[in-house]
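First residue of the sequence shown: 149, per this note's numbering; consecutive thereafter.
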Amino acid sequence: MKLCTIVGARPQFIKAAALSRVLRYAHEEICIHTGQHYDRNMSAIFFDELRIPQPDYNLGIAGGSHGKMTGQMLAAIEDVLVREAPDMALVYGDTNSTLAGALAAVKLHIPVCHVEAGVRMGTLISPEEVNRLLTDRVAALLCCCTQRAVKNLRREGITRGVRNTGDLMLDAALYYEGRLRPPAQGELLDFSGRPVALPQGGYYMLTCHREENTSDEALYEVMQAMQRLDAPAIYPVHPRNRERVMRLWRLGGFDHTLLTQPVGYLTSLYLVKHAKKVITDSGGLQREAFFYGVPCVTILDNPVWPETLSGNMNRLCAPKADAILRALSAAANKRTGGAPFGDGHAAEAITALITAYEEELCSL
Ligand code: UD1
Ligand code: UDP
149 MKLCTIVGAR PQFIKAAALS RVLRYAHEEI CIHTGQHYDR NMSAIFFDEL
199 RIPQPDYNLG IAGGSHGKMT GQMLAAIEDV LVREAPDMAL VYGDTNSTLA
249 GALAAVKLHI PVCHVEAGVR MGTLISPEEV NRLLTDRVAA LLCCCTQRAV
299 KNLRREGITR GVRNTGDLML DAALYYEGRL RPPAQGELLD FSGRPVALPQ
349 GGYYMLTCHR EENTSDEALY EVMQAMQRLD APAIYPVHPR NRERVMRLWR
399 LGGFDHTLLT QPVGYLTSLY LVKHAKKVIT DSGGLQREAF FYGVPCVTIL
449 DNPVWPETLS GNMNRLCAPK ADAILRALSA AANKRTGGAP FGDGHAAEAI
499 TALITAYEEE LCSL
């Protein structure tokens with residue numbers, strides 16, 4: 149089959165790397181990068197470090213409102229799909245690039261394969277939930293990371309083309325684990341380009357970028373909580389928050405939060421694996437902490453990955469300093485409930501599903 153992968157945001161490059169490695173043995177793949185993430189540390193670094201083939205197209209669409217960004221992507225992706233006429237479009241997760249790719253493809257009658265289907269938060273307040281719901285509704289193949297996601301889809305009446313394939317993030321975390329090294333000189337940099345040293349006595353890992361958590365109040369509370377911890381927190385700041393976080397930090401009193409530029413995937417995984425605990429609102433980081441047995445606190449009201457809440461591995465909390473500290477003392481490496489994210493071979497399972505779909509089409 150000729151497959152067209154559509155990506156645009158940091159976590160999608162990582163998932164695409166894990167799948168492409170296997171997929172390209174069986175199928176032809178071309179890649180569209182919408183341009184949603186574009187800073188070197190948010191995009192090119194992943195293609196270089198993970199040795200992903202360069203995108204065939206970069207549409208250069210980023211920023212602006214949700215509607216504007218998604219609409220511009222929809223039009224530009226459609227042009228490429230018409231030109232390339234792939235047999236299937238592959239989209240990942242829940243970003244605006246995901247929804248634009250799925251809509252462009254389905255309107256051209258190109259079947260859509262949605263990787264990371266069936267994730268539900270339960271509120272349309274989150275822009276990601278809108279993207280997930282609509283993408284699942286039009287997908288022909290729905291690759292779920294967990295059994296719970298399969299059940300979520302069943303509850304909505306979606307059963308055709310659904311498979312629990314396991315989570316590509318686990319594939320990636322296992323595959324690259326052997327390459328993890330402490331950050332080299334120059335890999336952890338603050339926003340003036342000065343090196344940041346890993347604290348000798350251990351550190352916490354913090355990331356925070358969800359629209360819901362990026363008000364001055366929320367960020368102030370998060371950094372207040374870090375100030376009261378027994379070790380500093382390394383905080384690679386997403387560009388969405390850069391100005392806000394820097395402004396707060398300059399007010400003083402936050403010397404326990406070590407701000408850095410976004411880091412590459414291997415550095416990020418290393419930081420998670422060796423952290424005392426992780427504090428985050430990232431879907432990816434919560435799961436990575438879970439994979440490596442690092443206790444985690446997720447600053448969100450609704451669970452996106454309830455599988456990680458087994459035992460004491462992950463605690464949810466509001467963006468309030470006291471709540472974060474309470475959740476941190478409750479979070480511990482005590483896991484129950486087996487291996488919800490599969491066995492690290494999601495790429496093989498997704499490839500097999502796509503191949504079976506092709507064979508079924510050929511036999512019609
Ligand atoms: C997006 C996804 C979110 C995902 C996250 C991964 C949507 C709705 N959200 O959120 O699900 O968790 O990516 O990181 O698609 N910016 C830069 N440089 C960059 C990228 C972004 O400066 O390389 C700035 C831009 O000003 C942009 C803002 O960050 O307006 C937000 O970026 P955007 O892609 O809209 O959303 P994310 O917060 O990255
Ligand atoms: N990550 C990274 N560099 C960073 C922060 C995160 O490589 O500075 C990795 C992280 O290890 C995980 C993925 O990016 O694999 C998660 O992406 P993000 O938090 O942006 O998005 P989400 O998973 O919330 O959609």
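Heads up, the beta-carbon is just placed ideally off N, CA and C, and yes, glycines get one too.
- Boundaries of the alpha helix (DSSP H) around LEU476: 469-478.
- By the Cβ neighbour-count rule, GLU455 is buried, with 16 or more other Cβ atoms within 10 Å of its own.
- Beyond the five residues adjoining it in sequence on each side, CYS179 comes within less than 6 Å, by CB distance, of THR153, PRO203, ASP204 in the same chain, given in chain order.
- At a Cβ-Cβ threshold of 7 Å, THR313 and ILE427 do not count as neighbours.
- In the three-state DSSP reduction, ALA288 falls in the coil class, being neither helix nor strand.
- Around the beta-carbon of SER191, 16 or more other beta-carbon atoms lie within 10 Å, marking it buried.
- When DSSP states are grouped into helix, strand and coil, CYS510 belongs to the helix group.
- For GLU436, same chain residues with a beta-carbon under 6 Å away, outside a window of 5 residues either side, are ALA321, VAL420 in chain order.
- Counting the other Cβ atoms within 10 Å of the Cβ of SER274 gives 16 or more, which makes it buried.
- Here ALA287 really is in contact with ALA265; their C-beta atoms are around 6 Å apart, less than 8 Å.
- Per DSSP, the continuous beta strand (DSSP E) segment holding PRO384 begins and ends at 381-384.
- The DSSP-derived three-state label of ASN460 is coil.
- The beta carbons of GLY412 and ILE193 sit closer together than 7 Å.
- Taking the C-beta atoms as reference points, HIS262 is found no nearer than 7 Å to THR294.
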